[in-house]
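Input: a single structure, listed below in structure tokens.
Residue numbers (the working numbering): 410 to 600.
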């Protein structure tokens, strides 16, 4: 009886898996403003952090602590660490209510370049290719254009130095923001 009832639902099976994109959502994905106004001299700035919403990665504004008193390398690494910490935090109530979440695993860490790496390299404690696809998109899109990426439109990421593997350049493209499958081929070898 159940099979008979389900047979008429209007969806035909296919022998080939079909990727039809994310499920439709009634959640608006309109980003709430950053909570709390940064005050002059409080050491925070408003920055965009990319979270997952409605089957895509979208920016939300947060107040992020920043210490710009070091060298370019120190500032790059400090900014990357602060932004990665923001990505690992649970979304605020307003962000959750708007449909935002995070795929960045807890405990993920970032360090500077390893021996022989280009100066702009950031190494994650896990191989970027082994991260959940939306997590990689969140990290890439959050880092690009900031001090973490040297204000460049791409970011150079690698996995743990001891694991080997060359760092790759990643850009925050529309494909990466909108499709988790794009993360598999997002990295480009450095020249």
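Think of the CB as a built atom: it goes at the ideal place given N, C-alpha and C, for glycine as much as any other residue. Note that the structure is predicted; figures quoted are calculated from it, not measured.
**Request:** Would you check if the distance between the CB atom of residue 562 and the CB atom of residue 598 is smaller than 9 Å?
**Result:** no
**Prompt:** What's the C-alpha gap between residue 521 and residue 580?
**Reply:** 19 Å
**Prompt:** Relative to the C-alpha of residue 589, which residue among 557, 539, 555 and 554 is closest?
**Reply:** 539
**Cβ-based burial, residue 525 [other Cβ within 10 Å; buried from 16]** = exposed
**Asked** residue 546 and residue 592 look like a contact to me (Cβ under 8 Å); what is the Cβ gap, rounded to whole Å?
**Response** 6 Å
**Request:** Using only alpha-carbon positions, find the residue among 458, 535, 523 and 519 that is nearest to residue 499.
**Result:** 458
**Prompt:** If you compare alpha carbons, which of 594, 470 and 440 is closest to residue 542?
**Reply:** 594
**Item:** From 578, 468 and 551, residue whose alpha carbon lies closest to that of residue 440
**Value:** 468
**Message:** DSSP has residue 598 in a bridge; who is on the other side?
**Reply:** 577
**Prompt:** If we ignore side chains and look at the alpha-carbon of each, how far apart do residue 464 and residue 587 end up?
**Reply:** 7 Å
**Prompt:** Do residue 518 and residue 460 have their C-beta atoms within less than 9 Å of each other?
**Reply:** no
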